[in-house]
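Numbering (the numbering used here), first residue to last: 54 to 525.
We put the CB at the ideal spot given by N, CA and C, even for glycine.
Predicted model only: the values in this text are computed from it and were never measured.
Reviewing the structure listed below.
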Ligand code: GLU
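Pasting the structure below:
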């Protein structure tokens, strides 16, 4: 077990304990919420090249207070039991915070996906799915995986197809996994959802006048400088959307090959295209390479966005942080020791369990779409469009003024699935922000966003347990 993974689980548990004392809940109940309910470790053989490789994998269901359990599947050589347990626990709190009615779970396959061909990855994914089916660890009402680090819609399609092979007769089989390609039961807007949620969360926080004043910043995300660590799915979309819709300025980016900075805005879309062709971010026009890659931590900026893996900001480098705000787009990027240092320095941390909950929120929408067997907007889009047109025509008649047919079409347009998904996501992120904000303002002794988020989540999970009659 690596130290990083051990300290990740320990950090989640330390943060839990720090918050639990503010809930007033009985110890037996908080003990029950804290532990992982079911841990399944598996080892299975997969034919790779001329021989077989034994693959180590996990699925952890952290909490059964609601069904199904939900959480992504990670493919990484760093996967171990502690890591998957910590990630599963975060899923429980994440779902509670954004009012998504699932228990938390997580899966992990200990492989480095880059070392395998797509055909080999397909065999591994399918065999892992079979192991889950065998032990009843997957199903639309049992446990619903999704993408995470190292996986995406391709893997989700393989999972669905394998599930269908065994359970194709189930009417809701397509809801056994989320993050699927749109043409295979997925939902528009899922791929960008985590990054988009990060943007909505940051935007709402930046609107808080008194808090911005305390940090010496002006309200609003526009013009805020950002540094992003990790250009995977979450980091890329968080950057692109913050630039395009929020007017934020990305002035630093860190990836495996190095860290780059710029005095102006680094266009993330163009940077991604550059990286695709050159296999590196280094040399991107208008940027300079920072000598030591790890120095991304200490770059001067308003908002630092770790969007890669856990335990990136530790007690060894926390003192270098110059950012005023850290937005945790990744799960667990700051260790508990580092957090103590950062809070003392006055850095505001928007915690993972809130800020990156956009992914599971839209997964919830996808699952609902699958259970209803119909895309969002199908019933009402045209009705709304016709109604809006009636209103415009009436106003035109009353005022004698006319819109062009293009303007009319634009104003009257009914919502497509992606419009509804984005609006549902924004509503969720804004609403949850104020729930946490309220706890932070009103609860004595709660002085940071993570503790406030934890307290909010724990009270909701505890309430479910009580409703279930487990703890009357
Ligand atoms: N893996 C994502 C997360 O950590 C998404 C989980 C899901 O959609 O179920 O939140």
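Which same chain residues, not among the five before or five after residue i, have their C-beta less than 6 angstroms away from its C-beta?
| i | result |
| --- | --- |
| residue 257 | 483 and 486 |
| residue 73 | 83 |
| residue 371 | 391, 394 and 395 |
| residue 86 | 514 |
| residue 315 | 304, 339 and 340 |
| residue 221 | none |
| residue 293 | 321 and 322 |
| residue 118 | 156, 514, 517 and 518 |
| residue 307 | 282 and 349 |
| residue 377 | 268 and 355 |
| residue 245 | 290 |
| residue 19 | Lying outside 54 to 525, the shown extent of the chain, residue 19 is not represented and no answer is given. |
| residue 430 | 468, 469, 470 and 473 |
| residue 175 | 211 |
Cβ of residue i within 9 angstroms of Cβ of residue j?
| i | j | result |
| --- | --- | --- |
| residue 416 | residue 197 | yes |
| residue 419 | residue 187 | no |
| residue 510 | residue 382 | no |
| residue 410 | residue 153 | yes |
| residue 193 | residue 226 | yes |
| residue 89 | residue 149 | no |
| residue 92 | residue 137 | yes |
| residue 202 | residue 97 | no |
| residue 474 | residue 172 | no |
| residue 164 | residue 130 | yes |
| residue 122 | residue 144 | yes |
| residue 210 | residue 285 | no |
| residue 254 | residue 146 | no |
| residue 512 | residue 218 | no |
| residue 206 | residue 232 | yes |
| residue 159 | residue 113 | yes |
| residue 81 | residue 413 | no |
Identify every residue that forms a DSSP beta bridge with residue i.
| i | result |
| --- | --- |
| residue 480 | Beta-bridge pairing links residue 480 to no other residue. |
| residue 359 | 282 |
| residue 187 | Paired residue(s): none; residue 187 is not in a bridge. |
| residue 134 | None, per the DSSP bridge assignment. |
| residue 378 | 356 and 401 |
| residue 99 | 106 |
| residue 156 | 122 |
| residue 94 | 111 |
| residue 196 | 122 and 192 |
| residue 162 | 110 and 128 |
| residue 366 | 387 |
In its own chain, which residues sit with a C-beta less than 8 angstroms from the C-beta of residue i, not counting the 5 before and 5 after it?
| i | result |
| --- | --- |
| residue 94 | 109, 110, 111 and 134 |
| residue 298 | 252 |
| residue 215 | 178, 179, 182, 183 and 186 |
| residue 335 | 310, 311, 313 and 342 |
| residue 366 | 350, 359, 374, 379, 386, 387, 388, 391 and 395 |
| residue 61 | 135, 136, 139, 363, 364, 385 and 388 |
| residue 67 | 389 |
| residue 400 | 374, 376, 377, 378 and 379 |
| residue 261 | 272 and 490 |
Can you find the residues in the same chain that come closer than 7 angstroms, C-beta to C-beta, to residue i, ignoring five residues on each side of it along the sequence?
| i | result |
| --- | --- |
| residue 54 | At residue 54, the pLDDT of 45 sits below 50, so the modelled position is not reliable; the number obtained from the coordinates is stated separately. 133 and 135. |
| residue 318 | 296, 302 and 303 |
| residue 289 | 248, 321 and 325 |
| residue 438 | 465, 466 and 467 |
| residue 435 | 467 |
| residue 32 | The requested residue 32 does not occur in the structure, where the chain is confined to residues 54 to 525. |
| residue 445 | 456, 461, 464 and 465 |
| residue 353 | 375 |
| residue 224 | none |
Any 3 or more C-beta pairs closer than 8 angstroms across the segment 263-272 and the segment 331-347: no
Minimum length 4: unbroken alpha helix (DSSP H) runs contained in the segment 283-349: 286-299 and 321-331
Complete runs of the alpha helix (DSSP H) confined to the segment 380-462 [at least 4 residues]: 389-398, 405-408, 411-425 and 434-452
The segment 450-462 touching the segment 493-505, judged by at least three CB pairs closer than 8 angstroms: no
Length-filtered (4 minimum) alpha helix (DSSP H) runs lying within the segment 216-247: none
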